[in-house]
Amino acid sequence: MIRNVVAVVGDRAAAFELGVVCQVFGLDRSDDGLPVHDFAVCAPRPGVVPTTSGFAIQVEHGLDRLAAADLVAVPAWPQLDAPVPEPLLAALREAAGRGAQVLSICTGAFLPAAAGLLDGRRAATHWQFAGLLARSFPRVRVDRDILYVADGPVLSSAGAAAGIDACLHLVRREYGAATANALARRLVVPAHRSGGQAQFVEAPMPAPRAPYELAELIDWMQEHLAEPLTVRTLAARAAMSPRTFARRFKAATGTTPHRWLLDQRLQLAEELLETTDLAVEAVAARAGFGGADTLRHHFAARRGVAPATHRRAFRRDLRPR
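Anchor point for the sequence shown: position 128 equals 133 in the numbering used here, and the numbering is continuous, going up by one each time.
1) Going by DSSP, name the residue or residues bridged to Leu160.
2) Does DSSP put Gln63 in a helix, a strand or coil?
3) Based on Cα-Cα distance, which residue from Gly164, Val10, Phe60, Gly121 lies nearest to Ala105?
4) Please report how far the alpha carbon of Phe294 lies from the alpha carbon of Gly309, in whole angstroms.
5) How far does the beta strand (DSSP E) with Val53 in it reach, from first residue to last?
6) For the candidate residues Pro80, Pro143, Asp124, whose alpha-carbon lies nearest to that of Ala166?
7) Thinking C-beta only, is Ala48 closer than 7 Å to Val14?
8) So, using beta-carbon positions, are Leu273 and Ala292 closer together than 7 Å?
9) Should Pro325 go down as buried or exposed, given a rule of 16 or more other Cβ atoms within 10 Å for buried?
10) How is Asp75 classed by DSSP in three states: helix, strand or coil?
11) For chain B, find out if any of its Cβ atoms is closer than 7 Å to the Cβ of Ala81; answer yes or no.
12) Only counting the same chain, and skipping five residues up and downstream in sequence, which positions put a Cβ closer than 7 Å to that of Glu179?
13) Which runs of the alpha helix (DSSP H) at least 4 residues long sit entirely within the region 231-274? Give them in chain order.
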């Protein structure tokens, strides 16, 4: 369980990306029943650190603070034109070696890459810097399109808002869907976006005069997850051909109808497993998987555990003590 979190900054700090980590892991929301973390910001040279937004922050901790961290977060790293201090790279390697997780946001991926933690592994970064990351570290398998990806000890994410998605993914994985959803409500953001979703889409919302109302259809889909929703059925509801519907759906959401439905159904199944006493067969029916075997298959493939195992892990009191 992630209890101790450290965010690392250099000679300059990326204000927004650091703020994302602070919002998710650095605030006491125990009144809402959310987990509380021992949180700190550290730097190779503690003291006054300027930010990319024109103000400065006071950093009190040095790299020795990483020794106790369960999670080391590296926000966007503005100093790409300068070598990363070797003591910082050594501290990252030591943290990962003893089992700590490493989270990078945007250009923060350059640090675990420089430390060798991403050799032979998939990594995400902001699409503008994906080429530079690939050229600088040829052994890293840079994926230019995804929002975030976990491979080995590193969870790397694309720019800005994708860092929120990656943080919520961590919270969901560590504390369960109910906790992640509650935190997302506090942050006023979507509870879950799949890491495989595209970094940018052609049209985040349908044009006002579009011949169909995709946003309204998506709302309807969420309310009817238990039904057998095929592309043909959805296309008919949108009054277009299946091929046109599939193309426009991906342009607007960054993913396919099948992938979107699977993500939504898995999320609903997680919530039902954590918050109800429904049998796995009933959870499968309500979430639109038809039967328990299908739910088990997809749950194991995407979450790495069986539904019953997930329920045992997260049907416990997570209120901080």
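Using N, Cα and C, we set each Cβ at its ideal position, and we do this for glycine too.
Short version:
1) Beta-bridge annotation (DSSP): Leu160 is paired with Leu108, Ala155.
2) Three-state result, Gln63: strand.
3) Val10
4) 17 Å
5) 52-55 is the span of the beta strand (DSSP E), which, as asked, contains Val53.
6) The shortest C-alpha to C-alpha distance from Ala166 to any of Pro80, Pro143, Asp124 is the one to Pro80.
7) yes
8) Cβ atoms of Leu273 and Ala292: closer than 7 Å.
9) Confidence at Pro325 is low in this model, with a pLDDT of 40, below 50, so the placement of that residue should be treated as unreliable; the coordinate-derived value is given next. Burial call: exposed.
10) coil
11) The structure shown contains no chain B; it holds only a single protein chain.
12) Met6, Ile7
13) 236-242, 247-258
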